[in-house]
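Student:
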Amino acid sequence: MSKDLLMDSKLNENSSTQRQIFSFAKINIGLRIIRKRPDGYHDLETIFQEISVSDRITCLSNSNSIAEIRIFTNNPQCPASQKNLAFQAADLLRKFTGEKKGCDIIIDKKIPVGAGLGGGSSNAASVLVSLNKLWDCNLANSELVKLASQIGSDVPFFVVGGCALGRGRGEILTPIKNRLKYWGLLISPSAIISTKWVYENLNFDLTKRGKMSKFDGFIQIDFEEWQNNIQNDLENVVFRKHQEFQAIKEKLYSSRAFYAQMSGSGSSLYGLFVKRDDALAAQKLFKEYKTFIFKPRYV
Ligand code: C5P
Numbered sequence: 003m004s005k006d007l008l009m010d011s012k013l014n015e016n017s018s019t020q021r022q023i024f025s026f027a028k029i030n031i032g033l034r035i036i037r038k039r040p041d042g043y044h045d046l047e048t049i050f051q052e053i054s055v056s057d058r059i060t061c062l063s064n065s066n067s068i069a070e071i072r073i074f075t076n077n078p079q080c081p082a083s084q085k086n087l088a089f090q091a092a093d094l095l096r097k098f099t100g101e102k103k104g105c106d107i108i109i110d111k112k113i114p115v116g117a118g119l120g121g122g123s124s125n126a127a128s129v130l131v132s133l134n135k136l137w138d139c140n141l142a143n144s145e146l147v148k149l150a151s152q153i154g155s156d157v158p159f160f161v162v163g164g165c166a167l168g169r170g171r172g173e174i175l176t177p178i179k180n181r182l183k184y185w186g187l188l189i190s191p192s193a194i195i196s197t198k199w200v201y202e203n204l205n206f207d208l209t210k211r212g213k214m215s216k217f218d219g220f221i222q223i224d225f226e227e228w229q230n231n232i233q234n235d236l237e238n239v240v241f242r243k244h245q246e247f248q249a250i251k252e253k254l255y256s257s258r259a260f261y262a263q264m265s266g267s268g269s270s271l272y273g274l275f276v277k278r279d280d281a282l283a284a285q286k287l288f289k290e291y292k293t294f295i296f297k298p299r300y301v
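To convert, count from 1 in the sequence shown and add 2; that's the numbering used here.
(1) In angstroms, rounded to a whole number, what distance separates the CA positions of Ala249 and Phe241?
(2) Measuring only the C-alpha atoms, how far is Ala193 from Val115?
(3) Give every residue of the same chain whose Cβ lies closer than 6 Å to the Cβ of Ser151, excluding the five residues on either side of it in the sequence, and list them in chain order.
(4) Locate the alpha helix (DSSP H) running through Arg96, then write down its first and last residues.
(5) Mark Leu282 as exposed unless 16 or more other C-beta atoms lie within 10 angstroms of its C-beta, in which case mark it buried.
(6) So the candidates are Lys97, Ile71, Leu182 and Trp185; which of them puts its Cα closest to the Cα of Ala88?
(7) Got a sec: does the ligand C5P put a non-hydrogen atom nearer than 7 Å to the Cβ of Thr197?
(8) Please report how far the alpha carbon of Lys97 lies from the alpha carbon of Glu227, in whole angstroms.
(9) How would you call Tyr261, buried or exposed, if buried means at least 16 neighbouring beta carbons within 10 angstroms?
(10) Going residue by residue through the segment 266-299, where are the continuous beta strand (DSSP E) segments of at least 3 residues, counting only ones entirely within it?
(11) In the DSSP output, what is Gln22 paired with across the bridge?
(12) Please classify Ser11 as buried or exposed, where buried requires at least 16 other C-beta atoms within 10 Å of its C-beta.
(13) For Gly23 and Tyr201, I'd like the C-alpha separation in whole angstroms.
(14) Note down the Cα distance separating Leu94 from Val276, rounded to an integer number of angstroms.
(15) Which class does Pro177 belong to by DSSP, given the choice of helix, strand or coil?
(16) Rounded C-beta distance between Ala92 and Ile153? I'm assuming under 8 Å.
(17) Mind checking whether the beta-carbon of His44 lies closer than 7 Å to any heavy atom of the ligand C5P?
(18) Please name the residue in Trp185, Asp156 and Pro177 whose C-alpha comes closest to that of Arg171.
(19) Under a Cβ-count criterion, where at least 16 other Cβ atoms within 10 Å of its own Cβ denotes burial, should Ile1 be classed as buried or exposed?
(20) Is DSSP giving Asn16 helix, strand or coil here?
(21) Taking C-alpha atoms, which residue in Thr75, Asn66 and Ser123 lies nearest to Cys105?
(22) Does the beta-carbon of Gly172, which I'm using as the reference point, lie nearer than 7 Å to any heavy atom of the ligand C5P?
(23) For the alpha helix (DSSP H) that Leu1 lies in, which residues bound it at each end?
(24) Can you grab the Cα-Cα spacing for the pair Ile232 / Phe247, in whole Å?
(25) Say the cut is 7 Å; is the CB of Gly154 nearer than that to a heavy atom of the ligand C5P?
(26) Could you check how far apart the C-beta atoms of Arg181 and Tyr300 are, in whole angstroms? I think they sit under 8 Å.
(27) Are the beta-carbon atoms of Lys103 and Ser63 separated by less than 8 Å?
(28) Pro191: buried (16+ other C-beta within 10 angstroms of its C-beta) or exposed?
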């Protein structure tokens, strides 16, 4: 089957050979680096919040003799190869369960790539969840979360979804029950930022300050206090190299955002607004960037 045929096919219904699901992005609300670990990773604390910006993933099971895992995508920045975390998810699930079938994974990409929105990690989690059903693996969610942590630090969050406190590398998750209502404006500069580069260039002196010590209390803080209490330690590293990011953040604050921050290791920034109309008005001031209006998603 050609790539175009796959992308165009009307695959609206789930069946015994195909599953189609939305694969949502996340933002980080605050990110605090705790320490560098002996394994090279960093222990951190962050709030992961799933948002209403998504890719669409279709998994088609195939039992032909080659039993390949193939990736099809409409975004050239998203690798259609073994480098894709979605490929790694399918491969890992197959090795773990002994499944012999192959699959075609079609990624209809909307989430900006390399943007701190977890698009690749979300796709990997979506593939684990879909193929677990399609291949009748019957793994419990807790087992999928363990497999997810082998693929990347953010992948377990996307198996769980909603809002959660992440600790450790980001893979130790505590769901945070809340239904906070706000509107978000996502600004996506074209820069693709390597997460590895950001962590390698962390300056621990700059990350020490007296901000909030426990993010899980953030839902008790009034919106207007978020700005003084929650911060992303990775901003320093990225803002030093990309000076326009500071200007974007300031412009979000001056256009009525109650909170503005870079998501994860960048490059996306977001502003949060009490009123949808304010988010829409702010969006008009960022015409030179790719932008999205979003809402938080809760499970
Ligand atoms: O886990 P993931 O593959 O997404 O991480 C990409 C890179 O980011 C890692 O190789 C590591 O250098 C860095 N990282 C880190 N501490 C974390 C998460 C990521 O140092 N908690």
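Glycine residues also receive a C-beta, built at the ideal position from the N, C-alpha and C atoms. This structure is a prediction, so every number in the text was calculated from the model and none was measured.
Tutor: Put simply:
(1) 10 Å
(2) 9 Å
(3) Pro158 and Glu173
(4) Leu87 to Thr99
(5) exposed
(6) Ile71
(7) yes
(8) 48 Å
(9) buried
(10) 271-275 and 292-296
(11) Thr60
(12) Confidence at Ser11 is low in this model, with a pLDDT of 45, below 50, so its placement is unreliable and the value that follows should be read with caution. That one is exposed.
(13) Per the sequence presented here, residue 23 reads as Ile, with Gly not at that position. About 32 Å.
(14) 42 Å
(15) strand
(16) At roughly 10 Å, the Cβ-Cβ gap does not stay under 8 Å, so Ala92 and Ile153 are not in contact.
(17) yes
(18) Asp156
(19) Outside the shown range of the chain (3 to 301) lies residue 1, about which nothing can therefore be said.
(20) coil
(21) Asn66
(22) yes
(23) The question about residue 1 has no answer here: the residues shown for the chain are numbered 3 through 301.
(24) 18 Å
(25) yes
(26) 6 Å
(27) yes
(28) buried
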